[in-house]
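**Student:**
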Amino acid sequence: MKHKTLGGLILLALLNTTSVSAQQTNPLLKNEAKITEIIKGMTLEEKVNMLHGKNMFSSAGIERLGIPDLEYADGPFGIREEMEPHSWRGLGWETDKATFFPTGSALAATWCPGMAYAYGKAMAAEAKLRGKDMILGPAMNIQRLPTGGRTYEYLSEDPILSGMLAIGYTKGAQDNDEAVCLKHFALNNQENMRGFVNVNISERAMREIYLTPFEMAVKQANAYGVMAAYNKVWGKWCSENDLLQNAILRNEWGFKGIIISDWGGTHSTVGAAIGGLDVEMPSSTYMGQALIDSVKAGAVPMEVIDSKVRNLLRVRFAVPAVPKDVANTQITSQPAQQKVAYDVASKSVVLLKNEGNLLPFGKKVKTIAVIGHNATRTMALGGVGAGVKALYEITPLQGLQTALKGKVKIKHAVGYEPYPRARRGEQPDLTAWNENAAKLKAEALKAAKGADLVLFVGGDNREVETEGSDRTNIDLPFGQNELIEAIAAVNPNIVSIMVAGGPVDMRRLEKVSKSIVYSWFNGSEGGHALADILTGKIAPSGKLPFTLPVKLEDSPAYALGVYPQKQETESSDVFVDLVNRDNFRAQQKADADYSEDIFVGYRWYTSKNVKTMYPFGHGLSYVPFSFANAKAEVKGQNIEVTFDVKNGGNMTAEQVAQVYIARPDSKVIRPKYELKGFSRVAVNAGDTKTVTITIPMENMRHWNEFQHAWNVEKGKAVIYIGSSSEDLPLKTEITL
Ligand code: GLC
Numbered sequence: 019m020k021h022k023t024l025g026g027l028i029l030l031a032l033l034n035t036t037s038v039s040a041q042q043t044n045p046l047l048k049n050e051a052k053i054t055e056i057i058k059g060m061t062l063e064e065k066v067n068m069l070h071g072k073n074m075f076s077s078a079g080i081e082r083l084g085i086p087d088l089e090y091a092d093g094p095f096g097i098r099e100e101m102e103p104h105s106w107r108g109l110g111w112e113t114d115k116a117t118f119f120p121t122g123s124a125l126a127a128t129w130c131p132g133m134a135y136a137y138g139k140a141m142a143a144e145a146k147l148r149g150k151d152m153i154l155g156p157a158m159n160i161q162r163l164p165t166g167g168r169t170y171e172y173l174s175e176d177p178i179l180s181g182m183l184a185i186g187y188t189k190g191a192q193d194n195d196e197a198v199c200l201k202h203f204a205l206n207n208q209e210n211m212r213g214f215v216n217v218n219i220s221e222r223a224m225r226e227i228y229l230t231p232f233e234m235a236v237k238q239a240n241a242y243g244v245m246a247a248y249n250k251v252w253g254k255w256c257s258e259n260d261l262l263q264n265a266i267l268r269n270e271w272g273f274k275g276i277i278i279s280d281w282g283g284t285h286s287t288v289g290a291a292i293g294g295l296d297v298e299m300p301s302s303t304y305m306g307q308a309l310i311d312s313v314k315a316g317a318v319p320m321e322v323i324d325s326k327v328r329n330l331l332r333v334r335f336a337v338p339a340v341p342k343d344v345a346n347t348q349i350t351s352q353p354a355q356q357k358v359a360y361d362v363a364s365k366s367v368v369l370l371k372n373e374g375n376l377l378p379f380g381k382k383v384k385t386i387a388v389i390g391h392n393a394t395r396t397m398a399l400g401g402v403g404a405g406v407k408a409l410y411e412i413t414p415l416q417g418l419q420t421a422l423k424g425k426v427k428i429k430h431a432v433g434y435e436p437y438p439r440a441r442r443g444e445q446p447d448l449t450a451w452n453e454n455a456a457k458l459k460a461e462a463l464k465a466a467k468g469a470d471l472v473l474f475v476g477g478d479n480r481e482v483e484t485e486g487s488d489r490t491n492i493d494l495p496f497g498q499n500e501l502i503e504a505i506a507a508v509n510p511n512i513v514s515i516m517v518a519g520g521p522v523d524m525r526r527l528e529k530v531s532k533s534i535v536y537s538w539f540n541g542s543e544g545g546h547a548l549a550d551i552l553t554g555k556i557a558p559s560g561k562l563p564f565t566l567p568v569k570l571e572d573s574p575a576y577a578l579g580v581y582p583q584k585q586e587t588e589s590s591d592v593f594v595d596l597v598n599r600d601n602f603r604a605q606q607k608a609d610a611d612y613s614e615d616i617f618v619g620y621r622w623y624t625s626k627n628v629k630t631m632y633p634f635g636h637g638l639s640y641v642p643f644s645f646a647n648a649k650a651e652v653k654g655q656n657i658e659v660t661f662d663v664k665n666g667g668n669m670t671a672e673q674v675a676q677v678y679i680a681r682p683d684s685k686v687i688r689p690k691y692e693l694k695g696f697s698r699v700a701v702n703a704g705d706t707k708t709v710t711i712t713i714p715m716e717n718m719r720h721w722n723e724f725q726h727a728w729n730v731e732k733g734k735a736v737i738y739i740g741s742s743s744e745d746l747p748l749k750t751e752i753t754l
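Quick note, this note's numbering runs 18 ahead of the 1-based positions in the sequence shown.
1) Closer than 7 Å: is that where the CB of Asp114 sits relative to any heavy atom of the ligand GLC?
2) Between Ala157 and the ligand SAH, is the CB less than 7 Å from at least one heavy atom?
3) Can you name, in chain order, every residue of its own chain whose Cβ lies under 7 Å from the Cβ of Lys690, other than the five neighbours on each side?
4) Can you name, in chain order, every residue of its own chain whose Cβ lies under 6 Å from the Cβ of Pro414, other than the five neighbours on each side?
5) Since Met245 sits in a beta bridge, which residues does DSSP pair it with?
6) Taking 8 Å as the threshold (beta carbon to beta carbon), is Trp728 in contact with chain D?
7) Here's a check: name, in chain order, each residue in its chain whose Cβ is nearer than 8 Å to the Cβ of Gln41, leaving out the five neighbours to either side.
8) May I ask whether a heavy atom of the ligand GLC can be found less than 7 Å away from the beta carbon of Gly401?
9) By Cβ distance below 7 Å, which residues in the same chain neighbour Lys15 in space, the five residues on each side in sequence not counted?
10) For the alpha helix (DSSP H) that Gly138 lies in, which residues bound it at each end?
11) Spatial neighbours of Pro747 within its chain, please: CB distance less than 7 Å, with the 5 preceding and 5 following residues excluded, ordered by chain position.
12) Tell me which same chain residues have a C-beta within less than 8 Å of the C-beta of Leu448, skipping the five on either side of it?
13) Cβ of Pro567 within 8 Å of Cβ of Met631?
14) What do you get for His391, buried or exposed, if any count of 16 or more other CB atoms within 10 angstroms of its CB means buried?
15) Under the three-state reduction of DSSP, which class applies to Met182: helix, strand or coil?
16) Where in the stretch 449-516 do unbroken runs of the alpha helix (DSSP H), each at least 4 residues long, occur, reported from the N-terminal end onward?
17) Is any non-hydrogen atom of the ligand GLC found closer than 7 Å to the C-beta of Ala145, if you look at the structure I gave you?
18) Could you say which of Phe539, Val333, Ala291, Trp721 lies nearest to Thr396 if we only look at CA atoms?
19) If you measure from the CB of Leu202, is any heavy atom of the ligand GLC nearer than 7 Å?
20) Nearest-angstrom Cα distance between Trp106 and Leu754?
21) Rounded to whole angstroms, what's the CA-CA distance from Gly122 to Lys237? Just pull it up for me.
22) Using a Cβ-Cβ cutoff of less than 7 Å, which residues in the same chain neighbour Ala575 once the five nearest sequence positions on both sides are dropped?
23) Check the DSSP bridge columns for His70 and list the partner residues they point to.
24) Please tell me whether, using a cut-off of 7 Å, the distance from the CB of Ala557 to the nearest non-hydrogen atom of the ligand GLC is below it.
25) Just the C-alpha distance for Val344 and Gln416, rounded to the nearest angstrom, thanks.
26) Relative to the alpha-carbon of Ser639, which residue among Leu261, Pro378, Ala235 has its alpha-carbon at the smallest distance?
27) Near Val535, which residues of its chain fall below 8 Å by C-beta distance, leaving aside the five closest residues on each side in sequence?
28) Can you give me the Cβ contacts of Ala700 inside the same chain, cut-off strictly under 7 Å, excluding the 5 residues immediately before and after it?
29) Starting from the Cα of Tyr612, find the closest Cα among Asn159, Ser220, Arg82 and give me that residue.
30) Could you please give the first and the last residue of the uninterrupted alpha helix (DSSP H) stretch that includes Ala290?
31) Could you check which residue in Arg98, Pro120, Thr188, Val618 has the C-alpha nearest to that of Gly110?
32) Does the stretch 179-197 come close enough to the stretch 490-503 to have 3 or more Cβ pairs within less than 8 Å?
33) For the stretch 249-268 against the stretch 195-205, are there 3 or more C-beta pairs whose distance is under 8 Å?
34) Nearest-angstrom Cα distance between Ser573 and Thr490?
35) Which value, in whole angstroms, describes the spacing of the CA atoms of Met60 and Ala675?
36) Who are His430's beta bridge partners in DSSP?
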């Protein structure tokens, strides 16, 4: 057993001090004496009544004392429409039309915690208008699989980037009296069989990659809520996982808020109660009468119940309830939040390629052919799960029509249509679709001929990328490859706009596109933001939050053959009632072996020298940026990295400078290097800015699987600085 060095002990003590000081400012702890008194006067029935769903999206307060219910709302990229109290159907109101914010991967593409703060604050404002106390978001599981159904909803493949954004989102919401609910805790990284898949993973990979974003948001932003994931980890349901919920989340990280289950994700009474779950959502199958009986039978101690009630009252008193007669008295979506949606979208668009500088549109462009289904398709709703009944959504075509009105002629052709819908697991009948495709292609080629520029707006959509199932591939669907190759034969000046939330296979499209832009599922203002970038009003500054592989088989879990697993027939189960679904799931067996371990995303491609289509952190600007004069030093509990960023162009532009650190003499296996810090900086034309990135020494830790503890390894640290995980022109080094 390695002894902890004195330095290590001091560091651990300091790390713990950090979390203690964070808790002293924790609003959750300001009413402890009052809560103690309330609990003393409560009956067992009143206590247990708080520990399960009251309605689909609420849990009970204490009516006798006038303590209001807790009202929840999805998130994470807009406040979901008002639902019927006991079903998944909306009530069809008019006042609940909300702002559709750029989804998770778009927010992450800003690489901007300040934007995440504004996002959380805006979500809080609209949640309040609807009388909601807790946003069910941010959704922040690591994007392990390019085909992951919720990649569009999650943030990134890297724990530091995900953690920094989750901190921003959490602080933005909670500084404005709205609780967040970090989801899904933990290791919900696939949608296939999400209800019962069992994750097998090394302790080190779990700690360093998958838990770190949650740890950051709990310890540095005092998140008030956490949602237990549907899956199992090491054989135990997350909603009754003592290690995850009690040992790590509460005892080690000092979490003082509430743990709620995912909807239908509770699987026992005693196991869940003792395992740390506070609230069963949305039903009371396990944490209702069964829990009362279990307490009376002595299987669950009263102090366990009291601690859950305490957690709920902490959140209740930290989040002022909105009076019923004030909520829903105005339209949810408001101009201030629409502006935030624009700001986030405008910093999320990623310019992947720009040969011949087709972008921004030059003065010579008089006619543009806008071709593709996604030029007019809205993305606020679709697929399974949370979406936004948006007050409006500016599509790419609408954005361009507004920006180019009176200046450039636009010829629009839809080009292709999605396949007709088919029952889950069945293939659609494409007879009519094929006939229509030929007609649409002819129209597209007619529009493309003679245009100065073709804007191909493709990608996928919210039916393709959805909660509840993973994609079976990342191919560009609906015949887009054939279509764009036909267009290229009549007009080589193609700018391709990928409207997608996760990676798509662009091998064929890239060959015939002089410029490529990733513009995400980008919210109510996405079309305006895209147009402002294409026309050069603002320079693109988004950076990829995940790797775009050349092909799916290059990605780690596919390369190792550990995903997809044999698919159990959950399709017949998804829509039965929650209890039958539980029984079905409890009998299923499917293991997800995280054999790539810590080599997730760019860690895999850089360490294994696997070529990427476009790397993690990549994103071009309209100006040439250069980096110089790097230096680094250890200052107390931080590493300070300083360098210059020069804008060699003719317009103001923003760069996201990234710092990756390698440990060449390490005693443990490590990726080639890992993201340890980043900073978005605006630089005027011709100017140079000196940037300092402060990296907490905690970011340098690795998990020692012998000690079952964090270590900060002594020795050389090589610091790389640049504009993506594969473009790191600057280097310096220090010794820890
Ligand atoms: C879903 C999702 C979760 C969501 C909840 C309520 O199954 O997994 O993210 O917040 O149910 O809609």
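Positions of the beta carbon are idealized from the N, C-alpha and C atoms, including for glycine. As the structure is a computational prediction, the values presented were derived from the model and not from experiment.
**Tutor:** For this structure:
1) Placement of the Cβ of Asp114 at a distance of 7 Å or more from every heavy atom of the ligand GLC is found.
2) The ligand SAH is not among the ligands present in this structure, which contains only the ligand GLC.
3) Only Thr624, Ser625, Ala680 meet the Cβ criterion.
4) Same-chain partners within the cutoff: Ala393, Val475, Gly545, Leu548.
5) In the DSSP output, where bridge partners are listed per residue, Met245 has Lys201, Ile278.
6) No chain D is part of this structure, which consists of one protein chain only.
7) Caution is warranted here: a pLDDT of 46 is assigned to Gln41, below 50, making its placement in the model unreliable, and the coordinate value is therefore given only provisionally. Taking C-beta separations shorter than 8 Å and ignoring five residues to either side along the sequence, the partners of Gln41 in its chain run Leu47, Asn240, Gly272, Lys274, following chain order.
8) No, the ligand GLC has no heavy atom inside 7 Å of this Cβ.
9) In the structure as shown, the chain starts at 19 and stops at 754, and residue 15 therefore has no counterpart that could be examined.
10) Residues 131-147.
11) Answer for Pro747: Phe645, Gly740, listed in chain order.
12) Cβ neighbours of Leu448 within its own chain (closer than 8 Å, five residues either side excluded): Tyr437, Pro438.
13) Against a cut-off of 8 Å, the Cβ pair of Met631 and Pro567 comes out as a contact.
14) Result: buried.
15) DSSP places Met182 in the helix class (H, G or I) of the three-state scheme.
16) The qualifying runs are 449-466, 498-508.
17) Ala145: no, Cβ never under 7 Å from the ligand GLC.
18) Of Phe539, Val333, Ala291, Trp721, the residue nearest in Cα terms is Phe539.
19) In the sequence on display, residue 202 carries His and not Leu. Indeed, a heavy atom of the ligand GLC lies less than 7 Å from the Cβ.
20) Taking the straight line from one Cα to the other gives about 54 Å.
21) Rounded to the nearest angstrom, the two C-alpha atoms are 21 Å apart.
22) Cβ neighbours of Ala575 beyond the five flanking positions: Arg162, Leu163, Tyr581, Glu614.
23) In the DSSP output, where bridge partners are listed per residue, His70 has Glu298.
24) Not one heavy atom of the ligand GLC lies closer than 7 Å to the C-beta of Ala557.
25) Whole-angstrom Cα-Cα distance: 35 Å.
26) Among Leu261, Pro378, Ala235, the Cα nearest to that of Ser639 is on Pro378.
27) Non-local beta-carbon contacts of Val535 in its own chain, meaning distances under 8 Å to residues more than five positions away in sequence, involve Val367, Val368, Leu369, Leu370, Leu377, Val513, Ser514, Ile515, Met516, Leu548, Ile551, Leu552, Pro558 in chain order.
28) Cβ within range, chain order: Thr670, Glu672.
29) Residue Ser220 holds the alpha-carbon nearest to the alpha-carbon of Tyr612 among Asn159, Ser220, Arg82.
30) Ala290 -> alpha helix (DSSP H) spans 288-293.
31) Check the Cα spacing between Gly110 and each of Arg98, Pro120, Thr188, Val618: the tightest is with Arg98.
32) The count of Cβ pairs closer than 8 Å, one atom from the stretch 179-197 and one from the stretch 490-503, stays below three, leaving the stretches out of contact.
33) Taking 8 Å as the limit for Cβ pairs, the verdict is that the stretch 195-205 does touch the stretch 249-268.
34) Taking C-alpha positions only, Ser573 is separated from Thr490 by approximately 14 Å.
35) Between Met60 and Ala675, the C-alpha separation is close to 55 Å.
36) His430 pairs with Val388.
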